[in-house]
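Asks: With positions in the sequence shown counted from 1, the corresponding number in my numbering is that position plus 763. Glycine residues also receive a C-beta, built at the ideal position from the N, C-alpha and C atoms.
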Amino acid sequence: MTSFSKMILRIAAVLCLLPGGLAGCKASGKESSSAAGQPPFMSAVASAPPQTSDDAPPSDKTGGFDGKRAFAHVAKQVSFGPRPSGSEAIAKLQDYIQSELSSYGCKVEADDFHADTPIGRLSMKNIVAKIPGEKPGMIVLATHYDTARSARDPHTGEVHPMPTFVGADDAGSSTGVMLELARLLCAKRGPYAVWITFFDGEEAMHDWSDTDSRYGSREMAARLSTSGDIKKIKAFLLADIVGGRNARFLRESSSTPALVDLIWSTSAKLGYRRMLSTKSVPKRWPSPATFSWKRSSSFKRGRHSTWQ
Ligand SMILES: [Zn+2]
């Protein structure tokens, strides 16, 4: 089995490992103050019961991935409060991510850059743990780690600020997953290099658009394109919003079909078939902010345990 296949096995397992939904993570009382000046779904999130990591599968059943550790990373992120790009809280998270990666023996690189946004020029930072391989080419595993400032109400079209949005699931869950994967993978060597990447500025500063979103990944893509390294990427796997209690994932329709097939077939072999739908994400998928609103509406109707 190739190291890539092993990694995909772990990723597939990871989808099931963030235990019990994450909406109940406490943010130093941040949620309880969400009623004032906040969209109505926030109070629903605040009333969700706290979750624990007790039902995480043991790491000897998951190739070493420790769901409790991943959950603890989520709780830590939430404890910093809302973490939009350019905030003091995200600076604390950047320090946390870098110090955790260093403690695992990862080679860590940070790209500090500035982005011109609708709310001004902001400092941002992409963080990459680079694990060398034995031959040319790399596999990129990625998440963003910033949290949203606002969301669009699909019914009224209005953009609402979310000053108390602490992002346990978006993007705390995937950041916890990538940190735990880094702990495992930085100690290994495979045929291909692995870059575990933490993007800043994925969320819109005002309203999601091609120019107001994904500042970090666009920055990295531009740098990789300029250097020529973009041709060395064998596979790119992005995780985001992976911590729902009853998470069920649609097939991503704009991705490389062979990679999606590999994840789906491997996950089924590992016993996680119930988490994977055979349906595809619609081609015209709503913007993430709109999606968040829709999920929050479902949450209020009791269909989803978490969206945040
Ligand atoms: Zn996200």
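State the Cα-Cα distance for the pair S795 and G930, rounded to the nearest angstrom.
Replies: As a working note, residue 795 is residue 32 in the sequence shown. As a working note, residue 930 is residue 167 in the sequence shown. Low confidence applies here, because S795 scores a pLDDT of 29, under 50, leaving its location unreliable and the question unanswered by this model.
Asks: On the three-state DSSP scale, how would you describe L1033?
Replies: The residue you call residue 1033 lines up with position 270 of the sequence shown. Three-state result, L1033: coil.
Asks: Could you work out which residue in A945, A1002, C869 and R1014 is closest to D933 when comparing CA atoms only?
Replies: Position 170 of the sequence shown, counting from 1, holds the residue named residue 933. Closest by alpha carbon: A1002.
Asks: If we call anything under 8 Å between Cβ atoms a contact, is I890 one with Q840?
Replies: Taking the first residue of the sequence shown as 1, we reach residue 890 at position 127. Taking the first residue of the sequence shown as 1, we reach residue 840 at position 77. Against a cut-off of 8 Å, the Cβ pair of Q840 and I890 comes out as no contact.
Asks: Verify the contact flag: D933, CB atom, against every heavy atom of ligand 1, threshold strictly below 7 Å.
Replies: The count along the sequence shown starts at 1 and reaches residue 933 at position 170. Correct: D933 has its Cβ closer than 7 Å to ligand 1.
Asks: With a 10 Å radius around its C-beta and 16 neighbouring C-beta atoms as the bar for buried, classify D963 as buried or exposed.
Replies: What you label residue 963 is simply residue 200 of the sequence shown in a count that begins at 1. Its Cβ being crowded by 16 or more others within 10 Å, D963 is buried.
Asks: With DSSP run on the structure shown, which of helix, strand or coil describes H969?
Replies: The residue given as residue 969 occupies position 206 in the sequence shown. Here H969 sits in coil by DSSP.
Asks: Check whether the Cβ atoms of G874 and R986 lie closer than 8 Å to each other.
Replies: Taking the first residue of the sequence shown as position 1, residue 874 is located at position 111. Taking the first residue of the sequence shown as position 1, residue 986 is located at position 223. For the record, residue 874 in the displayed sequence is Asp; it is not Gly. Yes, the Cβ-Cβ distance between D874 and R986 is below 8 Å.
Asks: Spatial neighbours of A945 within its chain, please: C-beta separation below 7 Å, excluding the five flanking residues on both sides.
Replies: In the sequence shown, counting from the first residue as 1, residue 945 sits at position 182. Around A945: L864, Y867, C869, A892 and I959.
Asks: Please tell me whether, using a cut-off of 7 Å, the distance from the CB of E1015 to the nearest non-hydrogen atom of ligand 1 is below it.
Replies: Start at 1 with the first residue of the sequence shown, and residue 1015 comes out as number 252. Not under cutoff, so the answer is no.
Asks: DSSP three-state call for E1154: helix, strand or coil?
Replies: Here the chain comprises residues numbered 764 to 1071, so residue 1154 is not present and cannot be evaluated.
Asks: Which whole-angstrom value describes the C-beta separation of A914 and H923, a residue pair presumed to lie in contact below a C-beta threshold of 8 Å?
Replies: Within the sequence shown, numbered from 1, the residue matching residue 914 stands at position 151. Within the sequence shown, numbered from 1, the residue matching residue 923 stands at position 160. Between H923 and A914 the Cβ distance is about 6 Å, and since that is below 8 Å, they are a contact.
Asks: Applying the criterion that 16 or more other CB atoms from any shown protein chain within 10 Å of the CB defines a buried residue, is L1013 buried or exposed?
Replies: By 1-based counting over the sequence shown, the position of residue 1013 is 250. That one is exposed.
Asks: How would you call R1058, buried or exposed, if buried means at least 16 neighbouring beta carbons within 10 angstroms?
Replies: One-based indexing of the sequence shown puts residue 1058 at position 295. Since pLDDT at R1058 reaches only 41, below the 50 mark, its modelled position is unreliable, and the value read off the structure follows with that caveat. It counts as buried.
Asks: I'd like to confirm something about H836: is its beta-carbon nearer than 7 Å to some heavy atom of ligand 1, or not?
Replies: Here residue 836 is taken as the residue at index 73 of the sequence shown, counted from 1. No; taking the cut-off as 7 Å, the Cβ of H836 has no heavy atom of ligand 1 nearer than that.
Asks: Tell whether a beta-carbon distance below 8 Å holds between A967 and D975.
Replies: By one-based count along the sequence shown, residue 967 stands at place 204. By one-based count along the sequence shown, residue 975 stands at place 212. Result yes, Cβ atoms of A967 and D975 sit closer than 8 Å.
Asks: Taking 7 Å as the cut-off, is the CB of D1003 close to at least one heavy atom of ligand 1?
Replies: Along the sequence shown, one-based indexing puts residue 1003 at 240. Yes, the beta carbon of D1003 sits closer than 7 Å to at least one heavy atom of ligand 1.
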